[in-house]
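K.L.:
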Amino acid sequence: MSPDQTSSGAPRRARDDGGVPYRSGVTAGSAPRRARRAPRLDDERRGFGASLGYTLLGAIIPGAGLLRARFRWWGALMIAGALILVAAAVGTFLYARDWLISQAVTPASLTALWIALIVIAVVWVTSLVVTHLTLRPRDASAWQRVVGAIVVAILSFAVTAPTLLVARRAYDQADFVSDVFSTGPSATKSAQGNPFGDAWAGQPRLNVLVMGGDSGKGRSSYLGVRTDTVILASINTRTGDTVLYQIPRQTARMPFPPGSGLARVFPRGFTDGNPLNSDYFLNSMYDNAPKIAGPNILGYQVANESAEIVKISVGEALGLHVDYYALINMDGFVKLIDALGGVTVNVNQPVPMGGQKDPTRGVDIPPDRWLPVGPNQHLNGMDALWYARGRYGVTDYERGIRQRCVINAVIKQANPATVVANYEEVTQAGREIIRTDAPSSQLPALVQLGLKARDQRIRSVAFINGQEGFSTANPDWNAVRQRVRDTLDPSAGGAPTTPTPTAPASPTATSSARSTASGAPTPAMQPPVADVDDACAYHPEQ
């Protein structure tokens with residue numbers, strides 16, 4: 020039998036060099052059709068290093084890794100969406116910054132932001148997981164699977180951590196605005212915020228009453244019954260120039276508008292006829308006036324009747340329309356200052372921390388310690404509180420100056436980086452120390468006005484017993500209103516008049532004539548309108 024024949028005598032099929040039988044249309048040396056099939060595209064990309072590389076690319080550019088997997092359209096949509104968001108953010112920051120700031124204090128916008136950020140984080144992480152699993156080799160070893168999982172986890176954390184942090188800040192901000200600011204209309208109405216126009220058209224000044232509530236032991240009212248600090252901030256809505264008017268806490272006969280329900284109950288002002296009865300001082304009005312006047316004395320409903328009564332009375336006393344109030348718990352003030360990283364002030368005379376002195380009752384308890392004299396003293400929350408409230412052996416005028424210095428320092432020194440880094444602490448402290456009737460819808464306009472005021476020098480007018488004809492026991496309110504008008508220039512849109520520069524009193528003169536027989540400082544210590552920066556500068560007494 021021939022080698023070219025089978026056992027049955029049939030000729031054998033010729034084979035090529037590779038041992039493959041010849042077929043019709045197939046020549047020697049050609050590859051079979053199955054062997055010549057091009058490998059699938061995914062097979063070329065299923066290298067372990069490539070899968071990690073594309074996953075990393077997807078963490079840098081959202082969706083970029085999906086372009087090399089089976090989800091090209093999703094990847095293209097994610098990249099386009101990311102580019103649109105970045106372009107919109109840059110454009111808004113450059114050309115619509117006012118609108119951006121206004122949205123940062125709008126609860127609805129903040130809520131939408133933190134929800135959107137969470138969705139973005141979930142979609143982004145999902146794209147990373149899908150990219151890696153799609154491009155990873157099918158026969159990946161156990162160690163490759165472990166390494167891949169670790170890399171994906173690290174990249175997922177890297178992209179979600181900042182996104183979720185911003186979402187948390189937006190959530191905290193929305194919650195803070197809702198807690199602190201009114202959601203309904205105030206009893207007094209002001210301009211509605213319009214970041215694209217004149218939010219204060221027709222309103223030359225915004226007047227805000229700032230009250231410091233002293234929530235000491237045995238006091239029952241919300242945020243403290245003793246509003247020992249009463250300052251009205253009158254802000255020029257065009258320029259941001261601000262004048263602070265401070266009325267002494269022991270002022271009697273606080274007036275009410277003629278014809279009002281309060282005026283019918285207190286026809287001679289808030290008094291029982293005895294100007295020395297502390298239950299009828301200004302600092303007792305917040306707690307006592309509603310109790311004495313009875314329910315529904317205002318004739319309309321407000322969230323805080325006590326604050327509304329003080330607001331009405333101070334406005335009548337100064338001859339100004341008071342738009343809003345801000346009630347600050349001075350004890351909670353400690354947390355806010357600590358959250359802001361402290362505050363720096365000049366200490367011009369030793370400041371008592373604690374102590375009590377009441378000659379009428381024979382009480383003389385020395386302070387625990389004193390804040391020493393010195394320039395640029397950086398105070399923590401507790402020291403800043405005593406800097407503002409310490410009264411042992413000093414006059415209310417001196418104490419009032421320190422309070423205005425603290426307000427000025429917080430306004431000027433609030434560091435945005437510190438606020439952002441400690442935002443949860445700042446917002447938590449804010450919830451505990453402040454209440455206001457300013458509606459949240461007004462916040463965009465108020466923020467813009469606050470930015471103007473921050474860059475201006477603040478001036479102050481303090482009404483001192485025995486000075487400029489003012490008496491805490493029997494105030495001449497007509498004279499007070501005239502003095503307020505003299506410090507404002509209506510023809511310039513309510514801009515404060517420029518005070519005559521007053522050199523600081525010499526240490527000898529100041530210390531030797533600090534107080535008169537009535538306990539008030541001498542005229543040399545009290546210019547008609549004081550520049551707060553000058554009053555708070557370093558000029559120590561001896």
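Here this note's numbering is used: the first residue of the sequence shown is 20, the next is one more, and so on.
Ideal placement from N, C-alpha and C gives every residue a C-beta, glycine not left out.
If I'm right that T261 touches I254 with Cβ under 8 Å, what's the distance once you round it to whole angstroms?
P.N.:
If you number the sequence shown from 1, residue 261 lands on position 242. If you number the sequence shown from 1, residue 254 lands on position 235. 5 Å between Cβ atoms; contact.
K.L.:
Measure how close the beta-carbons of T74 and T150 come, nearest whole angstrom, since I'm counting them as under 8 Å.
P.N.:
Taking the first residue of the sequence shown as position 1, residue 74 is located at position 55. Taking the first residue of the sequence shown as position 1, residue 150 is located at position 131. Contact holds; Cβ gap of about 5 Å.
K.L.:
Runs of 3 residues minimum, wholly inside the region 409-483: which ones carry the beta strand (DSSP E) assignment?
P.N.:
453-455 and 477-481, all fully within the region 409-483.
K.L.:
Give me, in chain order, the residues of the same chain whose beta-carbon lies closer than 7 Å to that of R450; leave out the 5 immediate sequence neighbours on both sides.
P.N.:
The sequence position of residue 450 within the sequence shown is 431, counting from 1. Excluding residues within five positions, the ones whose Cβ falls inside 7 Å are F195, D198 and V199.
K.L.:
According to DSSP, what are the bridge partners of A252?
P.N.:
By one-based count along the sequence shown, residue 252 stands at place 233. Answer by DSSP bridge pairing, in chain order: V227 and L263.
K.L.:
Using a Cβ-Cβ cutoff of less than 8 Å, which residues in the same chain neighbour T111 once the five nearest sequence positions on both sides are dropped?
P.N.:
Taking the first residue of the sequence shown as 1, we reach residue 111 at position 92. Correct list, in chain order: W118 and L119.
K.L.:
Quick test of your reading: V364 and R478, contact by CB under 8 Å. State the CB separation rounded to the nearest angstrom.
P.N.:
Taking the sequence shown and counting its residues from 1, the one referred to as residue 364 is at position 345. Taking the sequence shown and counting its residues from 1, the one referred to as residue 478 is at position 459. Actually they are not in contact, since the Cβ atoms of V364 and R478 sit about 18 Å apart, beyond 8 Å.
K.L.:
Please classify P314 as buried or exposed, where buried requires at least 16 neighbouring CB atoms within 10 angstroms.
P.N.:
Translated into positions along the sequence shown, residue 314 becomes position 295. That one is exposed.
K.L.:
Taking 8 Å as the threshold, find out whether the region 298-306 comes into contact with the region 319-332 through three or more Cβ pairs.
P.N.:
The region 298-306 is in contact with the region 319-332.
K.L.:
DSSP three-state label for Y557, please.
P.N.:
Locating residue 557 in the sequence shown gives position 538, counting from the first residue. Y557 falls in the coil class under three-state DSSP.
K.L.:
Do I98 and I80 have their CB atoms nearer than 9 Å?
P.N.:
The residue you call residue 98 lines up with position 79 of the sequence shown. The residue you call residue 80 lines up with position 61 of the sequence shown. Cβ atoms of I98 and I80: closer than 9 Å.
K.L.:
Pick helix, strand or coil for A69, following the three-state DSSP scheme.
P.N.:
Translated into positions along the sequence shown, residue 69 becomes position 50. Residue state, collapsed to three classes: helix.
K.L.:
Mapping DSSP to helix, strand and coil, what is M401?
P.N.:
Taking the sequence shown and counting its residues from 1, the one referred to as residue 401 is at position 382. Reduced to three states, the DSSP call for M401 is helix.
K.L.:
Taking only the alpha-carbon atoms, compute the straight-line gap between L468 and I169 and give it to the nearest angstrom.
P.N.:
Working through the sequence shown from its first residue, we reach residue 468 at position 449. Working through the sequence shown from its first residue, we reach residue 169 at position 150. In a straight line, the C-alpha of L468 is about 50 Å away from that of I169.
K.L.:
Considering just the uninterrupted stretch of the beta strand (DSSP E) at Y343, what are its terminal residues?
P.N.:
Here residue 343 refers to the residue found at position 324 of the sequence shown. Y343 -> beta strand (DSSP E) spans Y343 to N348.
K.L.:
Can you grab the Cα-Cα spacing for the pair L71 / V353, in whole Å?
P.N.:
As a first step, residue 71 is located in the sequence shown; it is residue number 52 there, counting from the start. As a first step, residue 353 is located in the sequence shown; it is residue number 334 there, counting from the start. Approximately 50 Å, taken between the alpha carbons.
K.L.:
Express the C-alpha separation of R500 and A123 in angstroms, rounding to a whole number.
P.N.:
Here the question's residue 123 lines up with position 104 in the sequence shown. Here the question's residue 500 lines up with position 481 in the sequence shown. Roughly 38 Å between the two C-alpha positions.
K.L.:
Counting C-beta neighbours from all protein chains within 10 Å, is the total for A554 16 or more, i.e. buried, or is it exposed?
P.N.:
In the sequence shown, residue 554 corresponds to position 535, counting from 1. Buried: at least 16 other Cβ atoms inside 10 Å.
K.L.:
P276 and E335: beta carbons closer than 9 Å?
P.N.:
Position 257 of the sequence shown, counted from the first residue, corresponds to residue 276. Position 316 of the sequence shown, counted from the first residue, corresponds to residue 335. Their beta carbons are under 9 Å apart, which means P276 touches E335 by this criterion.
K.L.:
Which of the three DSSP states, helix, strand or coil, is assigned to G393?
P.N.:
Walking along the sequence shown from the start, residue 393 turns up at place 374. G393: strand per DSSP, three-state reduction.
K.L.:
Is the beta carbon of Q422 less than 9 Å from the beta carbon of G231?
P.N.:
Counting from 1 along the sequence shown, the entry for residue 422 is found at position 403. Counting from 1 along the sequence shown, the entry for residue 231 is found at position 212. The answer is yes: Cβ separation under 9 Å.
K.L.:
With a cut-off of 8 Å on the beta carbons, I'd call P463 and S121 a contact; round off their distance for me.
P.N.:
The residue given as residue 463 occupies position 444 in the sequence shown. The residue given as residue 121 occupies position 102 in the sequence shown. Confirmed, Cβ separation roughly 3 Å.
K.L.:
Identify whether R245 lies in helix, strand or coil by the three-state DSSP scheme.
P.N.:
If you number the sequence shown from 1, residue 245 lands on position 226. Three-state result, R245: strand.
K.L.:
Can you tell me which of the three DSSP states L132 falls into?
P.N.:
Translated into positions along the sequence shown, residue 132 becomes position 113. Here L132 sits in helix by DSSP.
K.L.:
Helix, strand or coil, according to DSSP, for F176 in the structure here?
P.N.:
Taking the sequence shown and counting its residues from 1, one reaches residue 176 at position 157. Helix, per DSSP.
K.L.:
Cutting at 7 Å between CB atoms, please list the residues of its own chain near L317, excluding the five before and the five after it.
P.N.:
Counting from 1 along the sequence shown, the entry for residue 317 is found at position 298. Correct list, in chain order: G280, E324 and E327.
K.L.:
When you compare each of L228, V142 and Q192 to L130 by their alpha carbons, which one comes out closest?
P.N.:
Counting from 1 along the sequence shown, the entry for residue 130 is found at position 111. With the sequence shown as reference, residue 130 is identified as Thr, and Leu is not the correct amino acid for it. The option with the nearest alpha carbon to T130 is Q192.
K.L.:
Compare the Cα-Cα distances from A472 to each of P267, A252, Y406 and V138 and report the closest residue.
P.N.:
The residue given as residue 472 occupies position 453 in the sequence shown. Nearest option by C-alpha distance: A252.
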